[in-house]
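Asker: One structure coming up, written as structure tokens, with questions to follow.
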Amino acid sequence: MILILKTLLNLILPNRCAYCGKIIESEHSICTECFSKLHFISAPYCQICGTPFETGTELASSSHLICPDCLSKKPITRLHRSCIVYDDFSKKTLLDFKFNDKIFLSKLFAKWLKVAGADIFEKGVDVMVPVPLSFQRILKRKYNQSALLAYDLSKLINVEVLPHTLIKIRHTKPQAALSENLRLTNIKNAYAVKNPNQIKGKRILLIDDVMTTGSTLNECAKTLLKAGAQSVDTLTIARTLKK
Ligand SMILES: [Zn+2]
Ligand SMILES: [Zn+2]
């Protein structure tokens with residue numbers, strides 16, 4: 151009976167590729183053509199910040215697999231991972247997810263986050279915290295895309311989400327419009343922890359949609375560590391790569 155209903159429903163409302171809208175077999179997925187256009191990040195990559203190494207280079211074949219950036223300066227976060235590279239192709243759908251109410255994408259992205267975050271889950275995570283939006287931005291946008299991601303991921307990995315622990319205490323300019331230096335000052339002291347007891351001694355996984363310079367994630371991580379978190383890992387759908 152359920153099977154018949156499912157088949158009927160599929161005829162009326164077929165599963166569509168989350169990127170191009172083409173009819174496909176499975177739910178919350180993408181077509182093979184779009185899949186081949188997305189640049190998924192895979193090994194070899196830096197064991198700490200997840201930056202992929204070009205195959206054939208000395209770094210890619212070394213057994214340490216830590217990038218020069220992480221070797222020269224200890225990162226604030228324990229591990230960082232992203233699923234895909236933020237490029238012209240991935241950008242459009244990520245912007246639709248963030249600004250144009252395409253919240254159904256969250257289920258697909260959560261599946262990717264579960265795979266990309268394998269090293270983090272192996273190290274152990276106690277709670278997930280989404281990167282918060284300011285009150286003004288929530289009013290305008292109606293939802294926080296990072297919180298949606300955290301909730302859909304929590305259904306797959308069974309880790310609690312703390313949506314109101316880390317809060318944004320002042321409105322800031324959109325980071326995308328600013329240079330790297332301005333991003334740092336724009337975001338400085340913009341976050342606070344509301345209930346430090348909820349995160350004391352906990353290993354936190356911070357969730358966001360995109361990482362560009364990392365200044366937002368670093369500022370959030372600093373705030374959480376100052377409030378007593380044991381460690382902070384970061385996980386995003388997409389990231390930019392340094393040229
Ligand atoms: Zn497609
Ligand atoms: Zn690194």
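Plus 150 on top of the position in the sequence shown (first one is 1) and you've got this note's numbering.
In this text, a Cβ means the ideal position worked out from N, Cα and C, and glycines have one as well.
The structure presented is a predicted model; accordingly, all values stated were derived computationally and were not measured.
What distance in whole Å lies between the Cβ atoms of residue 358 and residue 281, which are believed to be in contact at a cut-off of 8 Å?
Answerer: 4 Å
Asker: Rounded to a whole number of angstroms, what is the C-alpha to C-alpha distance between residue 335 and residue 361?
Answerer: 17 Å
Asker: Report the CB separation of residue 355 from residue 385 in whole angstroms; it is logged as a contact under 8 Å.
Answerer: 6 Å
Asker: Beta-carbon within less than 8 Å of residue 337's beta-carbon, same chain only, minus the 5 sequence neighbours each way: which residues are those?
Answerer: 322, 325, 365, 366 and 369
Asker: Restricting to Cα atoms, I'd like to know which of 196, 387 and 312 is closest to residue 352.
Answerer: 312
Asker: Near residue 372, which residues of its chain fall below 7 Å by C-beta distance, leaving aside the five closest residues on each side in sequence?
Answerer: 226
Asker: Compute the Euclidean distance between the alpha carbons of residue 278 and residue 287, then round it to the nearest angstrom.
Answerer: 21 Å
Asker: Alpha carbon to alpha carbon, how far is residue 125 from residue 270?
Answerer: Residue 125 lies beyond the range of the chain shown here (151 to 393); nothing can be said about it.
Asker: Which whole-angstrom value is the C-beta distance of residue 263 and residue 220, which I expect to be below 8 Å?
Answerer: The Cβ separation is near 22 Å, so there is no contact.
Asker: Which same chain residues, not among the five before or five after residue 237, have their C-beta less than 7 Å away from its C-beta?
Answerer: Sequence-distant Cβ neighbours of residue 237 in its own chain, meaning closer than 7 Å and more than five residues away, are 189.
Asker: Answer yes or no: do residue 274 and residue 231 have a C-beta to C-beta separation smaller than 8 Å?
Answerer: no
Asker: Could you pull the start and end residues of the beta strand (DSSP E) that residue 280 belongs to?
Answerer: 277–280
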